[in-house]
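Trainee: Under the numbering used here, residues 127 to 398 are what the first sequence spells out, in order.
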Amino acid sequence: MPELPEVETTRAGLAPHLIGRCVRAVRLHRADLRFPIAPELASVLPGLMIADVRRRAKYLLLDTAQGSVLLHLGMSGSLRVLNPAAPLKRHDHIEIDLDSGLSLRLHDPRRFGCCLWQAPQSVHPLLQKLGPEPFDLSFNADYLYRLSRGRSAAVKTFLMDQQSVVGVGNIYAAEALFAAGIDPRRAAGAVSRARYAKLCAAVRMILGDAISQGGTTLRDFLNPSGSPGYFAQRLSVYGREGKSCVTPGCRSTIAQVTLGQRASFFCPSCQR
DNA sequence: CTCTTAACCTGGACGC
DNA sequence: TGCGTCCAGGTTAAGA
Numbered sequence: 127m128p129e130l131p132e133v134e135t136t137r138a139g140l141a142p143h144l145i146g147r148c149v150r151a152v153r154l155h156r157a158d159l160r161f162p163i164a165p166e167l168a169s170v171l172p173g174l175m176i177a178d179v180r181r182r183a184k185y186l187l188l189d190t191a192q193g194s195v196l197l198h199l200g201m202s203g204s205l206r207v208l209n210p211a212a213p214l215k216r217h218d219h220i221e222i223d224l225d226s227g228l229s230l231r232l233h234d235p236r237r238f239g240c241c242l243w244q245a246p247q248s249v250h251p252l253l254q255k256l257g258p259e260p261f262d263l264s265f266n267a268d269y270l271y272r273l274s275r276g277r278s279a280a281v282k283t284f285l286m287d288q289q290s291v292v293g294v295g296n297i298y299a300a301e302a303l304f305a306a307g308i309d310p311r312r313a314a315g316a317v318s319r320a321r322y323a324k325l326c327a328a329v330r331m332i333l334g335d336a337i338s339q340g341g342t343t344l345r346d347f348l349n350p351s352g353s354p355g356y357f358a359q360r361l362s363v364y365g366r367e368g369k370s371c372v373t374p375g376c377r378s379t380i381a382q383v384t385l386g387q388r389a390s391f392f393c394p395s396c397q398r
């Protein structure tokens with residue numbers, strides 16, 4: 127489910143409720159997520175103050191003086207801040223009670239997400255092989271151009287590889303390639319430097335717009351307050367197979383193919 | 001190295 | 001109503 131805009135929306139929604147608060151208690155209802163929930167959640171976290179809430183790629187970090195809670199939402203995860211008296215829902219796996227009287231809950235039906243622990247002054251192994259953040263200066267046309275030389279994989283697959291750039295998933299890869307006018311099936315190594323410049327700008331624009339809309343809610347994404355995101359209304363190609371292209375004057379219909387096992391949408395006329 | 005594929009898991013939509 | 005099939009916003013392990 128969540129790509130960078132949804133994770134960033136979650137981070138922004140959590141921060142005012144978590145920063146400066148102390149953890150009173152932790153309740154684990156189900157430990158078998160993608161990885162087992164880190165034992166430190168129960169053994170170390172209670173009593174600690176959350177000093178910051180950060181995002182790296184699609185991961186969230188809750189920093190304390192003794193280490194950080196490292197969260198990934200997988201395909202179906204979401205975090206809510208609510209009254210601990212609110213009834214527990216099916217697939218609510220973790221509850222973290224705060225000294226504000228509110229509680230943080232991790233809900234994840236498919237359990238592709240994880241909740242791990244990062245020791246102080248260290249970088250968790252899962253974060254070590256990640257590419258640049260899309261809003262960093264190091265993510266630019268030269269970088270993508272050089273990295274892609276000799277690559278035969280589809281440019282969409284290359285863009286979704288978290289070692290190329292982080293945060294771009296299936297929805298935003300489709301939208302960014304449409305905005306850049308690049309055929310998602312094209313080999314990454316056959317895309318020019320000039321077109322990678324367009325792609326960089328498109329990724330930033332699409333992600334930025336999506337963040338400002340609170341992310342995309344297709345089925346079940348909710349921010350920590352329980353509200354959906356509104357970027358779904360702005361999607362140009364994702365999920366629009368058979369419908370007409372939104373480009374003024376274009377008379378083509380949106381096509382769908384499978385790339386890297388993922389449904390992929392594009393306009394055969396606007397994207398080359 | 002790079003690339004492709006299967007697998008992890010649940011729920012909702014759809015066809016019969 | 002029920003049952004089978006397919007699909008879904010992510011990631012990794014294994015094999016070619």
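Just so it is clear, CB atoms sit at the ideal spot from N, CA and C, and this is done for glycine as well.
Could you check where the alpha helix (DSSP H) with GLU166 kicks off and where it finishes?
Mentor: The residue given as residue 166 occupies position 40 in the first sequence. Run containing GLU166: 166-169, per the alpha helix (DSSP H) assignment.
Trainee: Using the Cα positions of ARG330 and PRO260, report the straight-line distance between them to the nearest angstrom.
Mentor: Residue mapping note: residue 330 aligns to position 204 of the first sequence, counting from 1. Residue mapping note: residue 260 aligns to position 134 of the first sequence, counting from 1. One C-alpha to the other measures close to 6 Å.
Trainee: Can you grab the Cα-Cα spacing for the pair LEU333 / ASP158, in whole Å?
Mentor: In the first sequence, the residue the question calls residue 333 occupies position 207. In the first sequence, the residue the question calls residue 158 occupies position 32. Those two C-alpha atoms are separated by around 32 Å.
Trainee: Residue range of the alpha helix (DSSP H) that ARG319 falls in?
Mentor: Counting from 1 along the first sequence, the entry for residue 319 is found at position 193. Note, ARG319: alpha helix (DSSP H), 319-338.
Trainee: Suppose contacts are defined by Cβ-Cβ distances below 9 Å. Is GLN247 in contact with LEU187 by that definition?
Mentor: Counted from its first residue, the first sequence places residue 247 at position 121. Counted from its first residue, the first sequence places residue 187 at position 61. Their beta carbons are not under 9 Å apart, which means GLN247 does not touch LEU187 by this criterion.
Trainee: Bridge partners for PHE391 per DSSP, in chain order?
Mentor: For the purposes of this step, residue 391 is identified with residue 265 of the first sequence, where counting begins at 1. Note: PHE391 sits in a beta bridge opposite GLN382.
Trainee: Specify, as a first and last residue, the run of the beta strand (DSSP E) that ASP268 falls within.
Mentor: On the first sequence, position 142 is the one that residue 268 refers to. From DSSP, ASP268 is part of no beta strand (DSSP E) but of the alpha helix (DSSP H) over 267-274.
Trainee: Given a cut-off of 9 Å on the beta-carbon distance, is the pair THR283 and LEU199 in contact?
Mentor: As a working note, residue 283 is residue 157 in the first sequence. As a working note, residue 199 is residue 73 in the first sequence. No, Cβ-Cβ distance for THR283 and LEU199 is not below 9 Å.
Trainee: Terminal residues of the continuous beta strand (DSSP E) containing GLY307?
Mentor: Against the first sequence, residue 307 aligns to sequence position 181. Segment: none, GLY307 is in no beta strand (DSSP E) and carries neither H nor E.
Trainee: Here's the rule I'm using: 16 or more other beta-carbon atoms within 10 Å means buried, otherwise exposed. How should GLY295 be labelled?
Mentor: Residue mapping note: residue 295 aligns to position 169 of the first sequence, counting from 1. Looking at its Cβ environment, which holds 16 or more other Cβ atoms inside 10 Å, GLY295 is buried.
Trainee: Can you look up ARG137 in the DSSP assignment and give me helix, strand or coil?
Mentor: Looking up residue 137 in the first sequence gives position 11. In this structure, ARG137 counts as helix in the three-state DSSP scheme.
Trainee: Using a threshold of 9 Å, state whether the C-beta atoms of ARG231 and VAL207 are closer than that.
Mentor: To locate residue 231, count along the first sequence from 1; it is residue 105. To locate residue 207, count along the first sequence from 1; it is residue 81. Cβ distance < 9 Å, so ARG231 and VAL207 count as in contact.
Trainee: Could you tell me the distance, in whole angstroms, from the CA atom of VAL317 to the CA atom of LEU197?
Mentor: Counting from 1 along the first sequence, the entry for residue 317 is found at position 191. Counting from 1 along the first sequence, the entry for residue 197 is found at position 71. Distance between the alpha carbons of VAL317 and LEU197 is about 34 Å.
Trainee: Could I get the ranges of all uninterrupted beta strand (DSSP E) runs contained in the stretch 176-201, with 3 residues as the minimum, in chain order?
Mentor: Fully enclosed beta strand (DSSP E) runs of 3 or longer: 178-182, 185-190, 193-198.
Trainee: Can you tell me the Cα-Cα spacing of GLU134 and CYS376, whole angstroms?
Mentor: As a working mapping, residue 134 is identified with position 8 in the first sequence. As a working mapping, residue 376 is identified with position 250 in the first sequence. Spanning the two alpha carbons is a distance of roughly 34 Å.
Trainee: In three-state DSSP terms, what is ALA313?
Mentor: Numbered from its first residue, the first sequence carries residue 313 at position 187. In this structure, ALA313 counts as strand in the three-state DSSP scheme.
Trainee: In terms of alpha-carbon separation, which member of PHE265, ALA320, CYS148 lies closest to GLY227?
Mentor: Stepping through the first sequence from its first residue, residue 227 is reached at position 101. Minimum Cα distance to GLY227 is reached at CYS148.
Trainee: Comparing alpha-carbon positions, which option in ALA151, LEU385, SER370 lies nearest CYS393?
Mentor: In the first sequence, counting from the first residue as 1, residue 393 sits at position 267. Ranking the options by Cα distance to CYS393, first place goes to SER370.
Trainee: Measuring CB to CB, does VAL281 end up less than 9 Å from PRO310?
Mentor: To locate residue 281, count along the first sequence from 1; it is residue 155. To locate residue 310, count along the first sequence from 1; it is residue 184. Result yes, Cβ atoms of VAL281 and PRO310 sit closer than 9 Å.
Trainee: If we count the other Cβ atoms within 10 Å of its Cβ and call it buried at 16 or more, is ALA69 buried or exposed?
Mentor: No information on residue 69 is available, as it lies outside the stretch 127 to 398 that the chain covers here.
Trainee: Judging by CA-CA distance, which residue of GLY257, PRO374, ASP225 is the nearest neighbour of ARG182?
Mentor: Translated into positions along the first sequence, residue 182 becomes position 56. Nearest C-alpha to ARG182: GLY257.
Trainee: Count the other CB atoms within 10 Å of the CB of VAL249; is the residue buried (16 or more) or exposed (fewer)?
Mentor: Start at 1 with the first residue of the first sequence, and residue 249 comes out as number 123. With fewer than 16 other Cβ atoms within 10 Å, it is exposed.
Trainee: Checking 9 Å against the spacing of the C-beta atoms, do ALA336 and ALA306 come in under that value?
Mentor: In the first sequence, residue 336 corresponds to position 210, counting from 1. In the first sequence, residue 306 corresponds to position 180, counting from 1. The answer is no: Cβ separation not under 9 Å.
Trainee: With DSSP as the reference, please indicate the residues paired to ARG206 in a beta bridge.
Mentor: Walking along the first sequence from the start, residue 206 turns up at place 80. Answer by DSSP bridge pairing, in chain order: ARG231.
Trainee: In the DSSP assignment, find the unbroken alpha helix (DSSP H) run with VAL281 in it and report its ends.
Mentor: Taking the first sequence and counting its residues from 1, one reaches residue 281 at position 155. Run containing VAL281: 281-286, per the alpha helix (DSSP H) assignment.
Trainee: Helix or strand or just coil, what does DSSP make of GLU129?
Mentor: Position 3 of the first sequence, counting from 1, holds the residue named residue 129. In the structure shown, GLU129 sits in coil (DSSP, three-state: anything other than H, G, I, E or B).
Trainee: Note down the Cα distance separating SER353 from GLY341, rounded to an integer number of angstroms.
Mentor: Counting from 1 along the first sequence, the entry for residue 353 is found at position 227. Counting from 1 along the first sequence, the entry for residue 341 is found at position 215. Going from the Cα of SER353 to the Cα of GLY341 covers about 10 Å.
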